[in-house]
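In what follows, a structure is listed as C-alpha cells, so that the remarks can point back to it.
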Amino acid sequence: MTKNYGFLICILVMVLDVVAGILGIEAEIAQNKEKHMKVWIFECRYPSYHAFKLGLAAATLLALAHVIAHLLGGCICVSSKQQYRLASANRQLAVAFLIFSWIVVAVGMSMLIIGTLANSRSRKSCAMFSRRFLSIGGIMCFIHGLFTVPYYVSATATRREEEKMKENASQSVRRT
Numbered sequence: 012m013t014k015n016y017g018f019l020i021c022i023l024v025m026v027l028d029v030v031a032g033i034l035g036i037e038a039e040i041a042q043n044k045e046k047h048m049k050v051w052i053f054e055c056r057y058p059s060y061h062a063f064k065l066g067l068a069a070a071t072l073l074a075l076a077h078v079i080a081h082l083l084g085g086c087i088c089v090s091s092k093q094q095y096r097l098a099s100a101n102r103q104l105a106v107a108f109l110i111f112s113w114i115v116v117a118v119g120m121s122m123l124i125i126g127t128l129a130n131s132r133s134r135k136s137c138a139m140f141s142r143r144f145l146s147i148g149g150i151m152c153f154i155h156g157l158f159t160v161p162y163y164v165s166a167t168a169t170r171r172e173e174e175k176m177k178e179n180a181s182q183s184v185r186r187t
C-alpha cells in the first residue's frame with residue numbers, strides 16, 4: 012500500500028515560501044538600517060552584509076520550494092490550444108498554475124537577486140538605486156506559495172486520474 016505524502020509536501024512548500032518571504036522582508040529592514048547619502052537622483056548606500064545573507068537565504072529557499080514542488084508534482088504540459096481545451100479540469104488547472112508559478116518565481120528570484128547583489132561587499136559605486144527590491148521579492152515568495160501548492164495538488168490529481176483511466180482501459184481490454 013502506498014503512502015500519500017502530498018499533504019506534507021504542500022506544508023513543506025508553504026513553510027519554505029513563508030520563511031523565504033519573511034527573510035526577504037527582514038533583509039529589506041536590515042538594508043534600510045544602513046547609512047545612506049542622497050545627491051540629486053543618486054543614492055549611495057553602504058552595503059549591508061546582514062541584508063546580503065538574508066537575501067541570499069531567501070533566494071535559496073524560494074528556489075528550493077520551487078524545485079521540490081515541481082519535481083515531486085511532475086510535469087503537466089499541453090502542446091496546443093486544442094489539447095488544452097480537451098484536457099480535464101485538473102490538467103487545465105495544473106497548466107495554469109504551472110505558468111503562473113514560473114512567472115512569479117522568475118520575478119521574485121530576480122528581485123531577491125538584485126537586492127542581494129546591491130548589498131554585496133564588492134559594491135563600491137553610487138548609482139540610481141531603487142529600494143524595495145528585497146521586500147518585493149519577499150512578497151513574491153508568499154505569492155509563489157499560493158500558486159505552487161495548487162499546482163502540486165492539481166498535478167498529482169491529474170496523474171492519479173490518468174493512472175485510473177489506464178487501469179480501467181487495461182481491465183476492459185482483458186474482459187474482451
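Just so we're aligned, residue 12 is where the sequence shown starts under the working numbering, counting upward by one.
Cβ coordinates follow ideal geometry from the N, Cα and C atoms, glycine included.
All values reported here derive from a predicted model rather than from experimental measurement.
Of the residues V30, M176, F111 and R143, the one whose Cα lies closest to the Cα of A69 is V30. Looking from the CA of E45, the closest CA among H61, I33 and G35 belongs to H61. Annotation: the continuous alpha helix (DSSP H) that includes V24 extends over G17 to N43.
Following the DSSP letters along the chain, one finds R96 inside the alpha helix (DSSP H) bounded by residues K92 to L97. A38 and F111 have their alpha carbons spaced roughly 25 Å apart.
Assigned with DSSP and collapsed to three states, K46 falls in coil, not helix or strand. Counting C-beta atoms within 10 angstroms of its own C-beta, Y57 has fewer than 16 neighbours from the protein chains shown and is therefore classed as exposed.
For R143, the three-state secondary structure derived from DSSP is coil.
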